[in-house]
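Comments concern the structure below.
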Amino acid sequence: MRSFEALVVEKVDGNPEMSIKTLTTDQLTAGDVLIKVHYSSVNYKDAMIAVNGQFAEKFPMVPGIDLAGEVVESVDEGFQPGDLVLATSYYIGTRNFGGFSEYAKIPAKWLVPLPEGLTLKESMILGTAGFTAALSIDKLEQNGLRPDSGKVLVAGASGGVGSLSVNMLSDQGYHVEASTGHMEEVQYLKSIGAKRVIHRDEVTDEEDKPIRKRQWIAAIDPIGGRTTQYILSSLDYGGYVATCGLVGGVDVKTTVLPFISRNIQWIGVDSVKYPMEGRKKIWHRLGTDLKPSKLTRDIATEITLEELPDTLEKILKGQIRGRFIVGFIKDSDEA
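Per this note's numbering, residue 7 is the first one in the sequence shown, and the count goes up by one each step.
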């Protein structure tokens, strides 16, 4: 039995409170594989769990929907001690204790062997955000998108999914335009590949107009709500939008007009329960052709477990850019 530190969220008088506590491995939720966590990425969903108490099925809970590390023990023949693995989404950090912990137990069916081309650290700079960005791009390409098809919009571009989408698309030769509510990040977004940056208000539908001037052949939309409405109304003929988030709301008002008059496609992207066969394919691409060129230098910030609560608060306030990861391995370049 090992003791270790973890971020624990409890309900106190009906309100979530987070603190760093010492746990033992016998307190972990059930799982086939015990993992020594090296890195965990910080996501908007984690902040919703830790700060707002949303999405978690029970308390106390250790948040952290992503983790990467080394197998310590396994009762599943598919994994052996010393194997390097990663896991994202499913019920990690919502039903099962998650990655904001020095150790985690995870069902084997949720684990992905670390792909060639990625270190453990890089896999968590990507995490669910990178997986979602790559899955969105993959789905758009399956529907025919190519670099010479036309301009591609990335909404919410200074966030995790947005930043990684901008960089991946630019690396593939796409003409990328980015929208953000943080115009102080214009140079950052251009440095990772955006050709043009516009304010998010320019892609927010306040008039409920089903049809507008054609602007983009495709879009990656982690926002939802009125941003989705605007994108649907302004895609070029035969265009596509991949919607993968809801930070701007879940209600979308549109008509059949853009679909039947412009032949557009609205593609849904789910990274939580995406089938394992397809999941491994996307992670392979993240280690090869879709690996972002700016992955470590410009997009990621590493923090300690002690710095995590403040970071989670800032995510909900829209005060961070790019990706944040929690590092549990000290004085190591691996990783």
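Idealized CB from N, CA, C, for every residue including glycine. Please read all numbers here as calculations on a predicted model, not as lab measurements.
Contact under 7 angstroms by Cβ, residue i with residue j
i	j	result
I229	V253	yes
A114	V39	yes
I71	T31	no
L314	A53	no
F10	E79	no
T210	R232	yes
F330	V15	no
A248	S142	yes
I131	V172	no
S2	R218	An answer regarding residue 2 cannot be provided, because it is not within the stretch 7 to 341 covered by the chain.
S277	S46	no
W222	L159	yes
S62	T100	The sequence as given places Ala at residue 62; Ser does not occur at that position. Yes; because the gap between Cβ atoms is below 7 angstroms, this pair is in contact.
G88	I41	no
V167	A139	yes
L90	L120	yes
L263	G136	no
G105	L73	yes
A161	S129	no
W289	V118	yes
I270	L241	yes
Pick from the options that is closest to residue i, judged by C-alpha positions
i	options	result
E308	E16, V91 and K127	K127
D144	R327, D295, T94 and V332	D295
F65	G255, K201 and L13	L13
E312	I26, G20 and D19	I26
V258	G245, W272, I266 and Y246	W272
M24	I55, R8 and Q33	I55
G251	K51, P22 and G84	K51
R152	S129, S169 and Q178	Q178
L170	V332, P22 and R327	R327
G156	G245, G162, R202 and E191	G245
S176	A161, T186 and K201	K201
R8	I204, A225, A110 and L318	A110
A93	G123, N21, E208 and K286	K286
Y194	A225, G274, K300 and K279	K300
E208	E191, V332, D227 and G187	G187
G206	L29, R220, P216 and E191	According to the sequence shown, residue 206 is Arg rather than Gly. The shortest Cα separation from R206 among L29, R220, P216 and E191 belongs to E191.
I226	E212, P216, D214 and G274	G274
A306	D214, V332 and P22	V332
Three-state class that DSSP yields for residue i in the structure shown
i	result
F106	coil
L13	strand
G75	strand
S267	helix
D337	The predicted position of D337 is uncertain, since its pLDDT is 48 and thus under 50; a value taken from the coordinates is nonetheless stated next. Coil at D337, not helix or strand.
L175	helix
A248	strand
E212	coil
A93	strand
I217	coil
L241	strand
N21	strand
V262	coil
S46	strand
Cβ neighbour criterion (16 or more within 10 Å) applied to residue i
i	result
H44	buried
V256	exposed
Q60	exposed
R303	exposed
D339	Its pLDDT being 47, under 50, D339 is placed unreliably by the model, and the measurement read from it follows with that caveat. Exposed, by the Cβ-count rule.
Y243	exposed
I112	buried
Q148	exposed
N102	buried
E183	buried
D337	With a pLDDT of 48 at D337, under the threshold of 50, the modelled position of that residue is not reliable, and the figure given next carries that caveat. The residue in question, D337, is exposed, as its Cβ has fewer than 16 Cβ neighbours within 10 Å.
P298	buried
M282	exposed
G84	exposed
M189	exposed
T310	exposed
Q235	buried
D19	exposed
I98	buried
I266	exposed
Residue i - partner residues in DSSP beta bridges
i	result
V160	A184 and I226
I41	V77 and A110
A306	R329
I131	Looking at the DSSP assignment, I131 forms no beta bridge with any residue, so it has no partner.
T30	S9
P119	V91
G274	T249
V203	A184
I98	N102
Min CB distance residue i to chain C below 7 angstroms
i	result
T249	Of the protein chains in this structure there is only one, and it is not chain C.
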